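One structure is given below, encoded as C-alpha cells.
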Amino acid sequence: MTADPVVDPASGEILLDANQWISRDVADYLGGLECELSLSKATDRERMIGTRSVAEVRSPETQRVLVKTDELVTPQHVEVLEANGIKALRVRPRIVIRSPMTCETANGICQLCYGLDMSNHKPVALGTAVGVIAAQSVGEPGTQLTMRTFHTGGVAGEDITQGLPRAEELFEARKSMKAGEASISPLDGYITRITPTASGEDEVEVTGESRTIRIPEDILKAEDGDLVTVSELIDPTSPCTGELFLIDADRNSREMLITDIASGDRSYVLPEGVQVKVQTGDRLMEGDALTERFNVEGVVAEQDGRVEISDEESRVLSVVGKDGESWSAEIPFGARLMVEVGAEVSRGEQLTSRSKPVFIAAEAEGTALVLPDRVVVYNPDGAQYRIALTSDLTVLKTHGASIKAGDTVLSLDVAHQGEVLVESIQKRKGIATVHVQPKSAVRIDKAVTVRVGDKVEEGDLLTVGVVAPHTLLENAGVQKARQYLLNEIHKVYKQQGVDINDKHLEVIIRQIMNNVRIVDRGDARFLLGDLVTLEEFRKEVRELTEWNQAADRLRQDVVGSPLAEDIEAGGQLLGTQGDAITQEMMEQASRAGVERAFAVHGEETVEVPLVTKRFPDGERELLRISRAALQTKGWLSAASFQRTTKVLSEAALRGEVDDLSGLKPSIIVGKRIPAGTGFRSLLVPIAVDAGEKGMEEAGLAPPREEEEDEVEGV
226 MTADPVVDPA
236 SGEILLDANQ
246 WISRDVADYL
256 GGLECELSLS
266 KATDRERMIG
276 TRSVAEVRSP
286 ETQRVLVKTD
296 ELVTPQHVEV
306 LEANGIKALR
316 VRPRIVIRSP
326 MTCETANGIC
336 QLCYGLDMSN
346 HKPVALGTAV
356 GVIAAQSVGE
366 PGTQLTMRTF
376 HTGGVAGEDI
386 TQGLPRAEEL
396 FEARKSMKAG
406 EASISPLDGY
416 ITRITPTASG
426 EDEVEVTGES
436 RTIRIPEDIL
446 KAEDGDLVTV
456 SELIDPTSPC
466 TGELFLIDAD
476 RNSREMLITD
486 IASGDRSYVL
496 PEGVQVKVQT
506 GDRLMEGDAL
516 TERFNVEGVV
526 AEQDGRVEIS
536 DEESRVLSVV
546 GKDGESWSAE
556 IPFGARLMVE
566 VGAEVSRGEQ
576 LTSRSKPVFI
586 AAEAEGTALV
596 LPDRVVVYNP
606 DGAQYRIALT
616 SDLTVLKTHG
626 ASIKAGDTVL
636 SLDVAHQGEV
646 LVESIQKRKG
656 IATVHVQPKS
666 AVRIDKAVTV
676 RVGDKVEEGD
686 LLTVGVVAPH
696 TLLENAGVQK
706 ARQYLLNEIH
716 KVYKQQGVDI
726 NDKHLEVIIR
736 QIMNNVRIVD
746 RGDARFLLGD
756 LVTLEEFRKE
766 VRELTEWNQA
776 ADRLRQDVVG
786 SPLAEDIEAG
796 GQLLGTQGDA
806 ITQEMMEQAS
816 RAGVERAFAV
826 HGEETVEVPL
836 VTKRFPDGER
846 ELLRISRAAL
856 QTKGWLSAAS
866 FQRTTKVLSE
876 AALRGEVDDL
886 SGLKPSIIVG
896 KRIPAGTGFR
906 SLLVPIAVDA
916 GEKGMEEAGL
926 APPREEEEDE
936 VEGV
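226 is the number of the first residue of the sequence shown in my numbering; add one for each residue after it.
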C-alpha cells in the first residue's frame, strides 16, 4: 500500500493516492515508467525534484558521482547537475510504500502496513496471526534445506546448507562474523583518494559536503587549513570560577556570562515584587543600593519542634523535631522573635516579625547587569567570560549554575563529530563563520569495491565482506541496519532458490529491532539501563507530553489566583500566602528549584507544577531473535519459550502482571485466542434475556450490594 501519492514525472499527474493498494499489474506499470527531463526547462526541473534517478550520473570533468542510481533527486542535486553542465536526467517516479518494519501500531501490525495476505492476494484480515505466518515462512524453508543434499553421479557432493550459518548469524544478531568483516563509510560524501600504504593496506579517504559553522571568535581555536576534530574547533571550558547566566540580548540573540568570584563578581536574587533601582551598565560603588526599600516577611515554622539558636551572631533560627531532623531559616534584619528559645512550636506558626525596611546593596565596586530574577554586579576589568551564543552551540549548564574553572560548558551541535578540514574563516562582529569539510580516512586490508569519485552514504560497504548489524546500527542508524538485514537474509535464501516475501522478513526484523536501552531516564518511570520495547518508550513519552501540556494549561489558569502557601527557596521568600500568582513568580520559583506551588483556584486548593518533566533518552538495541522473544510484555509467554525459572523469578520480584492478551498465554490458560474469529473486533455480542437469575449465571448482571444482617445481642 502506498504511503504517499505517486506522481508521473512526465506529466505531473497523480497516478496513485496515498493508502491505495498496489496490484501486480500496477507494480509492473510503475516499474517501467521512466522519462527524461530537461534541466533547461523550468517545469521539468520542478517535476524532477522528488523523483528517483534511473542511472548513475557523473561529472564530465572530474568523474565524481553527482547522482547515484535510484537516489532521490533534491533541489541541491538539480543545482549541482546544472553547475556541471548536465543537460538532462532520466528519472522514474518516487514510490513510498508502507512496511511492517515501520508500523507504529501497538501490540500488532495494522492492515495498511502489512498489505496483502499472500495466501489469497487480498488485504489481510483482522486477527490474522502474521507473526506465526512469518516465522513459518522463514523457518520451514530452512528446515527443508537442512535435510537436502546435492548428489552428483550417486556420490554425495556439496552440502547446500552452506549459506544457512549466515542466516543464523543475522537472526541471532552475532557481533562477530565468520566471514571477513567489511569496512564501512563513516559519513556521507565522496571517495576522494585511495592510497596504498607501506603496511600493505589501502587508505580510503571519504570527503563529505562542506558546511558552515558559526562560532564566537573568543572560543575559536582552529585556523585556515587545519585538520582537526569537531571538538577541537572550540575551547568549551570556563576560564574562571563563578556563576553561569543566560542573557537575552535582544529578540533574536542570546549571550552567556560566567562571573568571576575572584574578581569580586556577585549576583543578588531579587525577592518577589521588589523594585530594581539600577539599570544595566550602571557603574556602582560598594554599598550602593540595588533595589528600593522593602520588608522581608517573618519566618514561619515549616515543621513541629523545639526552637533553637545556635549562634546569635549568625542570626540563624532552627526548629528541631522529635526525630532529630532540623529545619533552619535566617532571621530577617531588624525582626524580633515572637517565640522564646526552647519553646515548642507547630508547623505554620509565626516565629519572627517582619524585618525593618531594607534594601539590597552592592558588596563591591562594579558594573550592573539586570536580569529578570537577579542583579549581577561584575568587575569589567576582571576575568569574567561573556560570549554570544549561536545556533551551532549548545550550553551544557543551566541558568544560575555554579561553575568551576575548567568545567566544560559548551559543545558544538554538529552531526559529524569526526575530523574536518577548515577551508576558510570569515570574522565579523565577534562571530567567526567557519567553512569546514568533513573528512575521514579508513584503513582497509581487503579488496576495495569503490573507486575515486564514487558517492557513498554513511554505512555503505567499502570492501568485500560482511558487516555486523550492531555496527551498522551504531554508526549508520536504524534504517540502514534494517535494510542491510533484509537484503542479506534474502541473499542467503535466494542462493538456495528460495524466495521469501519481504513482509515475512520485515515482521521478524521489526521484532528484533523493537527495543530501546535507556541512557537517560529523565522523569520517566524507567531506570537507567532498562531495556524496554519501543511501544513502551513511545507510550511513556506520549504520557509525559500530555502531562506537560496539562501542567502548562494549569499554570496559565492560576495566573491571578492567590497563593495557598508561601513559596520559599534557600531561605528566600519568593511568594507570600495570599499574593496573586504571576507568570514571573512561577518562572522565578522554577529557576530557584521549586517544583510545585499551591494555589486557591475556585473553591479548592490545587497543586501547581512549576517544573516541566524531562523526556527519557534511549538508544535502539538489536537483539537476537531468541532474546527478543523473552522481551515480550507478558511473562507467561516469555517463560513458555526459554529460561523459565529465570523469567518467572524476575517477574515475581518485580511484581509484574500479565494481562494474558497474547496467543501463547491464551492457549496455555485455555482462554479465547485473540486471533482469527476470536479477534476482539470480530466478536458479536450476544443478548441474554433469561431474567435476573439467568443474567447472573451468564455473568452479565451488575453485582448486587450485599445486605448487612442485623444481629441482636452482640
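A virtual CB, placed ideally from N, CA and C, is assigned to each residue, including glycine. As the structure is a prediction and not an experimental result, all values here were calculated from the model.
Query raised in the report: When the Cα of residue 588 is compared with those of 826, 732, 448 and 491, which residue comes out closest?
Result: Position 363 of the sequence shown, counted from the start, is the residue given in the question as residue 588. Closest option to residue 588, Cα to Cα, is 491.
Query - Where residue 810 sits in the DSSP three-state scheme - result: Here residue 810 refers to the residue found at position 585 of the sequence shown. Note: residue 810 maps to helix in three-state DSSP.
Query - Through-space distance from residue 815 to residue 827, alpha-carbon basis - result: As a first step, residue 827 must be located in the sequence shown, where it is residue number 602. As a first step, residue 815 must be located in the sequence shown, where it is residue number 590. Residue 827 and residue 815 have their C-alpha atoms roughly 24 Å apart.
Query - Boundaries (first-last residue) of the alpha helix (DSSP H) holding residue 478 - result: As a first step, residue 478 must be located in the sequence shown, where it is residue number 253. For residue 478, no alpha helix (DSSP H) run applies; the uninterrupted beta strand (DSSP E) run containing it begins and ends at 478–483, by DSSP.
**Report entry** Euclidean distance between Cα positions of residue 751 and residue 743
**Finding:** Residue 751 sits at position 526 when you count from the first residue of the sequence shown. Residue 743 sits at position 518 when you count from the first residue of the sequence shown. Going from the Cα of residue 751 to the Cα of residue 743 covers about 7 Å.
Requested in this report: Taking only the alpha-carbon atoms, compute the straight-line gap between residue 295 and residue 350 and give it to the nearest angstrom.
Outcome: Residue 295 sits at position 70 when you count from the first residue of the sequence shown. Residue 350 sits at position 125 when you count from the first residue of the sequence shown. For residue 295 and residue 350, the distance between alpha carbons rounds to 34 Å.
Requested in this report: Pick helix, strand or coil for residue 276, following the three-state DSSP scheme.
Outcome: As a first step, residue 276 must be located in the sequence shown, where it is residue number 51. Looking at residue 276 - three-state DSSP - the assignment turns out to be coil, as it is neither helix nor strand.
Query raised in the report: Around the Cβ of residue 415, are there at least 16 other Cβ atoms within 10 angstroms (buried) or fewer (exposed)?
Result: Residue numbering aside, residue 415 sits at position 190 when the sequence shown is read from its first letter. That one is buried.
Query raised in the report: For residue 346, is the classification buried or exposed, using 16 other Cβ atoms within 10 angstroms of its Cβ as the cut-off for buried?
Result: Residue numbering aside, residue 346 sits at position 121 when the sequence shown is read from its first letter. Looking at its Cβ environment, which holds fewer than 16 other Cβ atoms inside 10 Å, residue 346 is exposed.
Query raised in the report: Whose C-alpha, out of 785, 781 and 818, is nearest the C-alpha of residue 798?
Result: Here residue 798 corresponds to residue number 573 of the sequence shown, with the count starting at 1. For the residues 785, 781 and 818, the minimum Cα distance to residue 798 belongs to 818.
Query raised in the report: With DSSP run on the structure shown, which of helix, strand or coil describes residue 575?
Result: Start at 1 with the first residue of the sequence shown, and residue 575 comes out as number 350. Here DSSP, grouped into helix, strand and coil, assigns residue 575 to strand.
Query raised in the report: Could you give the distance in angstroms between the alpha-carbon of residue 940 and the alpha-carbon of residue 526?
Result: Residue 940 cannot be examined here, being either before or after the span of the chain that is shown, 226 to 939.
Query raised in the report: Thinking C-alpha only, which one of 283, 235 and 524 is nearest residue 272?
Result: Against the sequence shown, residue 272 aligns to sequence position 47. Nearest C-alpha to residue 272: 235.
Query raised in the report: Mind checking residue 339: buried by the 16 CB within 10 Å criterion, or exposed?
Result: Translated into positions along the sequence shown, residue 339 becomes position 114. By the neighbour-count rule (16 or more Cβ atoms within 10 Å), residue 339 is buried.
Query raised in the report: For residue 505 versus residue 584, is the C-beta spacing smaller than 8 Å?
Result: Reading the sequence shown from its first residue, position 280 is the one you call residue 505. Reading the sequence shown from its first residue, position 359 is the one you call residue 584. Contact flag unset, no.
Requested in this report: Label residue 477 either buried or exposed according to how many other C-beta atoms from any shown protein chain fall within 10 Å of its C-beta, with 16 as the threshold for buried.
Outcome: Here residue 477 corresponds to residue number 252 of the sequence shown, with the count starting at 1. By the 10 Å Cβ count, residue 477 comes out exposed.
Requested in this report: Determine the extent of the alpha helix (DSSP H) in which residue 250 is found, giving its start and end residues.
Outcome: Your numbering for residue 250 matches position 25 in the sequence shown. Note, residue 250: alpha helix (DSSP H), 249–256.
Report task. To the nearest angstrom, report how far apart residue 228 and residue 240 are at their CA atoms. Result -> Here residue 228 refers to the residue found at position 3 when the sequence shown is read from its first residue. Here residue 240 refers to the residue found at position 15 when the sequence shown is read from its first residue. Between residue 228 and residue 240, the alpha-carbon positions lie close to 13 Å from each other.
Query raised in the report: residue 656 and residue 441 look like a contact to me (Cβ under 8 Å); what is the Cβ gap, rounded to whole Å?
Result: The residue labelled residue 656 in the question sits at position 431 within the sequence shown. The residue labelled residue 441 in the question sits at position 216 within the sequence shown. So it is a contact: roughly 6 Å between Cβ atoms.
Query - Exposure label - residue 712; buried when at least 16 CB within 10 Å - result: Counting from one through the sequence shown, the residue named residue 712 turns up at place 487. Exposed is the call here.
Query raised in the report: Between the segment 689–700 and the segment 401–421, do three or more beta carbon pairs fall short of 8 Å?
Result: With the cut-off at 8 Å, the segment 689–700 and the segment 401–421 touch.
Query raised in the report: If you drop the 5 nearest sequence neighbours on each side, which residues of the same chain put their C-beta closer than 7 Å to that of residue 540?
Result: What you label residue 540 is simply residue 315 of the sequence shown in a count that begins at 1. Result list for residue 540: 555 and 556, in chain order.
Query - Three-state secondary structure assigned by DSSP to residue 421 - result: The residue labelled residue 421 in the question sits at position 196 within the sequence shown. The three-state reading of DSSP puts residue 421 in strand, counting E and B together.
Query raised in the report: Along the chain, which unbroken stretches of the alpha helix (DSSP H) at least 4 residues long are found entirely within the segment 510–581?
Result: Runs of the alpha helix (DSSP H) spanning 4 or more residues and lying entirely within the segment 510–581 do not occur at all.
**Report entry** Cβ distance (whole Å) where residue 411 is taken to contact residue 643 below 8 Å
**Finding:** Here residue 411 is taken as the residue at index 186 of the sequence shown, counted from 1. Here residue 643 is taken as the residue at index 418 of the sequence shown, counted from 1. The Cβ separation is near 6 Å, so the contact holds.
Query raised in the report: Among residues of its own chain, excluding the 5 on either side of residue 626, which ones have a beta-carbon nearer than 6 Å to its beta-carbon?
Result: Translated into the one-based positions of the sequence shown, residue 626 becomes position 401. For residue 626, where only same-chain residues beyond five positions count, the Cβ hits under 6 Å are 469.
Query raised in the report: In chain order, which alpha helix (DSSP H) runs of at least 4 residues are fully inside the segment 827–884?
Result: DSSP runs (the alpha helix (DSSP H)) wholly in the segment 827–884: 850–855, 860–864 and 869–879.
Query - Segment limits, alpha helix (DSSP H) that includes residue 260 - result: Position 35 of the sequence shown holds residue 260. The continuous stretches of alpha helix (DSSP H) do not include residue 260, which lies in the beta strand (DSSP E) extending over residues 260–263.
Report task. Would you check if the distance between the CB atom of residue 293 and the CB atom of residue 466 is smaller than 8 Å? Result -> As a position in the sequence shown, residue 293 is number 68, starting the count at 1. As a position in the sequence shown, residue 466 is number 241, starting the count at 1. No, they are not a contact pair.
Requested in this report: Kindly indicate which residue of 824, 731 and 772 has the alpha-carbon position closest to the one of residue 327.
Outcome: The count along the sequence shown starts at 1 and reaches residue 327 at position 102. Residue 731 is the option with its Cα nearest to residue 327.
Query - Nearest-angstrom Cβ-Cβ length linking residue 489 and residue 591, presumed shorter than 8 Å - result: Here residue 489 refers to the residue found at position 264 of the sequence shown. Here residue 591 refers to the residue found at position 366 of the sequence shown. Correct: roughly 7 Å between the Cβ atoms.
Query - C-alpha distance - residue 391 paired with residue 757, whole-angstrom precision - result: Numbered from 1 along the sequence shown, position 166 holds the residue referred to as residue 391. Numbered from 1 along the sequence shown, position 532 holds the residue referred to as residue 757. Here the alpha carbon of residue 391 sits roughly 28 Å from the alpha carbon of residue 757.
Report task. Sort 472, 242, 765 and 846 by Cα distance to residue 598 and report the nearest one. Result -> Stepping through the sequence shown from its first residue, residue 598 is reached at position 373. Of the candidates 472, 242, 765 and 846, 472 places its Cα closest to the Cα of residue 598.
Query raised in the report: In terms of residues, what are the limits of the alpha helix (DSSP H) holding residue 766?
Result: The residue given as residue 766 occupies position 541 in the sequence shown. DSSP places residue 766 in the uninterrupted alpha helix (DSSP H) bounded by 759–782.
Requested in this report: Measure the C-alpha to C-alpha separation of residue 448 and residue 482 and round it to an integer number of angstroms.
Outcome: Here residue 448 is taken as the residue at index 223 of the sequence shown, counted from 1. Here residue 482 is taken as the residue at index 257 of the sequence shown, counted from 1. Answer to the nearest angstrom: the Cα atoms are 25 Å apart.
Report task. Buried or exposed for residue 549, please, with buried defined as at least 16 other CB atoms from any protein chain shown within 10 angstroms of its CB. Result -> Position 324 of the sequence shown holds residue 549. Label assigned to residue 549: exposed.
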